[in-house]
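J.:
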Amino acid sequence: MKVTFPHMGNMYVPIKVLLETIGVDYVMPPFCNKKTVEYGVTHSPEFVCLPFKTMLGDFIHGIQNGADTILFCGGVGQCRLGYYGDLQSEILKSIGYKVEFISIDLTNMTVKEVMEKLKILTDGKSSSKVIKGIIYAVQTIFMVDKLYQLANYTRCREINKGYTDNVMKEFKNRVQNAKGYKGIKNEIILAKRMLKAIKIDRNSQPLKIAIVGEIYAATESYINLDIERKLGNMGVEVCNKLGVANWIMEHFIKNILPIKSKNMPHEAGKEFMRTDDIGGHGLETIGNAILSGKKEYDGVIHLYPFTCMPEIIAQSTFSEIQGKYNIPIITLILDEMTGEAGYVTRLEAFIDMLRMKRNFCKSSNQTETDAT
Amino acid sequence: MKTLLTLNHHIRNKKKYKSATDLVIGIPKGLFYHEHSRLWEKFFENLGCKVIVSEDTNKEILNYGIKHCSNETCLPVKVFHGHVYSLKDKVDYIFIPRYTSVDKNEYTCPKFCGLPDMSLLNLKGSIRVLEVKLHIDKDINFTFESLKELAKNINVEYNNVVEAFKNAVDLFHKNEEEKLRDGLNQVNKSKKLAVSVLGHPYVIYDNYMSMRLIGKLKNKNIDVYTPMSLDRETKRRNAYPFQGKVFWGVGFENLGSAFTFAEDENINGIIYLSPFACGVDAFIVEFIERRFKTHYKVPFLKLTIDEHTGEAGFDTRIEAFLDMIGCD
Chain D
1 MKVTFPHMGN MYVPIKVLLE TIGVDYVMPP FCNKKTVEYG VTHSPEFVCL PFKTMLGDFI
61 HGIQNGADTI LFCGGVGQCR LGYYGDLQSE ILKSIGYKVE FISIDLTNMT VKEVMEKLKI
121 LTDGKSSSKV IKGIIYAVQT IFMVDKLYQL ANYTRCREIN KGYTDNVMKE FKNRVQNAKG
181 YKGIKNEIIL AKRMLKAIKI DRNSQPLKIA IVGEIYAATE SYINLDIERK LGNMGVEVCN
241 KLGVANWIME HFIKNILPIK SKNMPHEAGK EFMRTDDIGG HGLETIGNAI LSGKKEYDGV
301 IHLYPFTCMP EIIAQSTFSE IQGKYNIPII TLILDEMTGE AGYVTRLEAF IDMLRMKRNF
361 CKSSNQTETD AT
Chain F
1 MKTLLTLNHH IRNKKKYKSA TDLVIGIPKG LFYHEHSRLW EKFFENLGCK VIVSEDTNKE
61 ILNYGIKHCS NETCLPVKVF HGHVYSLKDK VDYIFIPRYT SVDKNEYTCP KFCGLPDMSL
121 LNLKGSIRVL EVKLHIDKDI NFTFESLKEL AKNINVEYNN VVEAFKNAVD LFHKNEEEKL
181 RDGLNQVNKS KKLAVSVLGH PYVIYDNYMS MRLIGKLKNK NIDVYTPMSL DRETKRRNAY
241 PFQGKVFWGV GFENLGSAFT FAEDENINGI IYLSPFACGV DAFIVEFIER RFKTHYKVPF
301 LKLTIDEHTG EAGFDTRIEA FLDMIGCD
């Protein structure tokens, strides 16, 4: 049995740790590229959201390289993600691939259920190995997320431009060849050390921008045209509110903990939507935009794939939020037709506007103090 | 800085001096209306309110909707906003229910969940909204909580509101049962052609959006069948591959109808009417098309509409389809 799985941002690192610790044979599809999108688009319905298409492309890549089992997630509710698995397995069947679909339910995720679903994978493996794998994987995801956050911190402050990019590129290459938890952990630590060694300008005060929106569009760098790197190199500090670690924390770890804590952005979002759930990350998007306004970010970038239903609703609240919390928000919609040049132009215009706003506020503050 | 929204919350919470009998409630003729009009009209009549339903969709209403919605919103939601806008000066309150799930294991499109807030925000708080929440899959008490709030807003005793609601629900179900007795579930064996029109009820029964598709077919002496000509259980039973699973309510309706009609020899063709970029239909139509290709022989036409659709092009495609299935 050979397992394959779809990409989502840096999710591949913990999955690699998990499968290698348990000792399951697997195929990792190549990082999302033109070919992946092409495969996906050929076989997908026209108006389905982009993650569906690229994930289908990942599966096809995986199957062509010998995989016969797919590890994926499903669920219930309003968002289409919950029903991906059903349609994807139907499509794969009709184009002639015979595969097993393992679908983990995300809405009511419990340890027991996950273990049960993974039973097909773990048959014949000792349960201590499985538990060790899960713990290692969760640890890895937090470490990787921290590393990427650190990169966002150094990238906009570095004195010699391009150093951070080089370190991260090197890390991405090396982590694919690293084996097991120990090997991957060493790579992360090494990259972290190299990032810390980069000379940065400690006095600079870069613009601070929050990324909110749909999780796949916000974390998958090929789909969002590497927005974090692009903004960082423009001298902007990016805070991605939708890390995979964050998501695991909300959906998995908080479910197990005996003390229930509230999901902050979710609660904040209820100011404009008087309901518990509008599907997907809709409420979190609204909440994160509000919180970014309160925490004095300079701006918010809202990313979502074309036809994403929850985010369209979230978008309708932004004209109010911008006025009330005095925070500029730009919405960028992504799909397979997105052209890079037009996208970059809009980003640059937005950044220029934020710089002007900041300078204007500074100068008006100064005249006020001068007057007094 | 006081924004419109906080102002609106203020208005919402202000004490009302009008009694319920003086209140005029507006019901927009869009989305939920086409399925549950009787339920909500009866509900407010029971409370002694005057009910005004917005007029049929027309060009003016559509233009209001387009003006007040973001580009990405789908056509039915834009039209709905137009209906709300057309009512705003005529009524005290506009009634917009919040449907999250209308039955066990059946969810709605996310846009229904945020509809009251979305209308309020898009129309910049120029309206006052009454809402009833339906989330049957999770907890039926959500409905009663929202009724409590509604009772406070219109200044009627809570027990009376619950009574009125229960009465309206009973009547609604009785109506549905009667419809079943009137020969549902049967496709007539006649020499006439029979075509099934599928899609969301708020698209196929809205004469402006659907460009009178059902009327046009009937004028050509064709029998028309919609998901409403089948009973609930049949549709759930045939909704491949979601039998017994969780899915969108409208998905069950259309998947089930498509496969039920496809198996019926008396049906000559199936037309699916879908709004542009509809997220739910992207899935449903794909399931239907893939299975039709392998399992059935019935001709299938998918028509996509949005606010730019021209009627001539639309008609041409329908005529071509009808020629193909042998209509003179």
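Chains as they are written, first to last, in full-length UniProt numbering: chain D, 1 to 372; chain F, 1 to 328. Using N, Cα and C, we set each Cβ at its ideal position, and we do this for glycine too.
(1) Alpha carbon to alpha carbon, what distance is there between Leu171 of chain F and Phe44 of chain F?
(2) What separation, rounded to the nearest whole angstrom, lies between the Cα atoms of Gly249 of chain F and Val187 of chain F?
(3) What are the residues that DSSP puts in a beta bridge with Lys208 of chain D?
(4) Drop a sphere of 10 angstroms on the beta-carbon of Asp306 of chain F, count the other beta-carbons inside from all chains shown, and report buried for 16 or more, exposed for fewer.
(5) Report the neighbours of Glu176 of chain F on chain D: residues whose CB is nearer than 9 Å to its CB, in chain order.
(6) Taking C-alpha atoms, which residue in F:Glu286, F:Phe287, F:Tyr296 and F:Val280 lies nearest to Gly269 of chain F?
(7) Only counting the same chain, and skipping five residues up and downstream in sequence, which positions put a Cβ closer than 6 Å to that of Gly235 of chain D?
(8) Apart from the five residues just before and just after Ile278 of chain D, which ones in its own chain have a Cβ nearer than 6 Å to its Cβ?
(9) In terms of DSSP beta bridges, what is His302 of chain D paired with?
(10) Any beta carbon from chain F within less than 8 Å of Ser316 of chain D's own beta carbon?
(11) According to DSSP, what are the bridge partners of Tyr130 of chain F?
(12) Measuring straight from C-alpha to C-alpha, what distance separates Ile134 of chain D and Glu296 of chain D?
(13) Between the stretch 329-343 of chain D and chain F, which residues of the former have a C-beta closer than 8 Å to a C-beta of the latter?
(14) Quick one, are the C-beta atoms of Ser54 of chain F and His83 of chain F less than 8 Å apart?
(15) Shorter than 7 Å, the distance from the beta carbon of Glu271 of chain D to the closest heavy atom of the ligand ZN, or not?
(16) So, with DSSP's three-state summary, where would you put Lys191 of chain F?
(17) Give me the Cα-Cα distance between Met249 of chain D and Leu257 of chain D, rounded to the nearest whole angstrom.
(18) Taking the straight line between their C-alpha atoms, what separation do you get for Glu149 of chain F and Val132 of chain F?
(19) Leaving aside the five residues before and after Lys129 of chain D along the sequence, list all residues of the same chain whose C-beta is less than 6 Å from its C-beta, in chain order.
(20) Is Glu320 of chain D close to chain F, meaning its C-beta is less than 8 Å from at least one C-beta of that chain?
(21) Among the residues of its own chain, which have a CB less than 7 Å from the CB of Asp68 of chain D, if the five just before and after it don't count?
(22) Judging by CA-CA distance, which residue of F:Ile288, F:Ala239 and F:Ser190 is the nearest neighbour of Asn266 of chain F?
(23) Could you give the distance in angstroms between the alpha-carbon of Leu23 of chain F and the alpha-carbon of Arg80 of chain D?
(24) Per DSSP, which residues does His135 of chain F bridge with? Please list them.
(25) Determine the DSSP secondary structure at Lys270 of chain D, reduced to helix, strand or coil.
(26) Can we say the stretch 32-42 of chain D touches the stretch 156-169 of chain D, given the rule of at least three CB pairs closer than 8 Å?
(27) At 8 Å on the CB atoms, spell out the chain D contacts of Arg290 of chain F, in chain order.
(28) Which one or two residues does DSSP pair with Phe247 of chain F in a beta bridge?
(29) Closest by CA to Gly279 of chain F, which one among D:Pro14, D:Lys260 and D:Cys49?
(30) In chain order, what residues of the same chain lie with their CB nearer than 6 Å to the CB of residue 395 of chain D, ignoring the 5 residues before and after it?
(31) Starting from the beta carbon of Gly287 of chain D, find every residue of chain F whose beta carbon is closer than 8 Å, and list them in chain order.
(32) Measuring alpha carbon to alpha carbon, tell me which residue in D:Met337, D:Asp105 and D:Gln64 is nearest Phe252 of chain D.
(33) Find the nearest neighbour of Leu273 of chain F within the set F:Leu213, F:Val129 and F:Arg291, judged by alpha-carbon distance.
(34) At the level of alpha carbons, what is the spacing between Asp117 of chain F and Thr294 of chain F?
(35) Using CA coordinates, which residue listed in D:Leu118, D:Val144 and D:Thr54 is at the minimum distance from Ile188 of chain D?
(36) Ends of the beta strand (DSSP E) at Tyr225 of chain F?
T.: Reading from the atomic positions:
(1) 13 Å
(2) 23 Å
(3) D:Glu237
(4) exposed
(5) Correct list: empty, because the minimum Cβ distance to chain D is about 25 Å.
(6) F:Tyr296
(7) Cys156 and Pro206
(8) Pro310 and Ile313
(9) D:Val212 and D:Thr331
(10) yes
(11) As written in the sequence, residue 130 of chain F is Leu, which differs from the Tyr given in the question. According to DSSP, which records beta bridges pairwise, Leu130 of chain F is partnered with F:Phe95.
(12) 37 Å
(13) Ile333
(14) yes
(15) The ligand ZN is not among the ligands present in this structure, which contains no ligands whatsoever.
(16) coil
(17) 10 Å
(18) 9 Å
(19) Ile22
(20) yes
(21) Met1, Lys2, Val99 and Glu100
(22) F:Ser190
(23) 40 Å
(24) F:Ser101
(25) coil
(26) no
(27) Glu90, Ile91 and Ser94
(28) F:Glu106
(29) D:Cys49
(30) With chain D covering 1 to 372 only, the question about residue 395 of chain D has no answer from this structure.
(31) Per Cβ cutoff of 8 Å: no residues; Gly287 of chain D is ~14 Å from chain F at best.
(32) D:Asp105
(33) F:Leu213
(34) 43 Å
(35) D:Val144
(36) Ile222 to Tyr225
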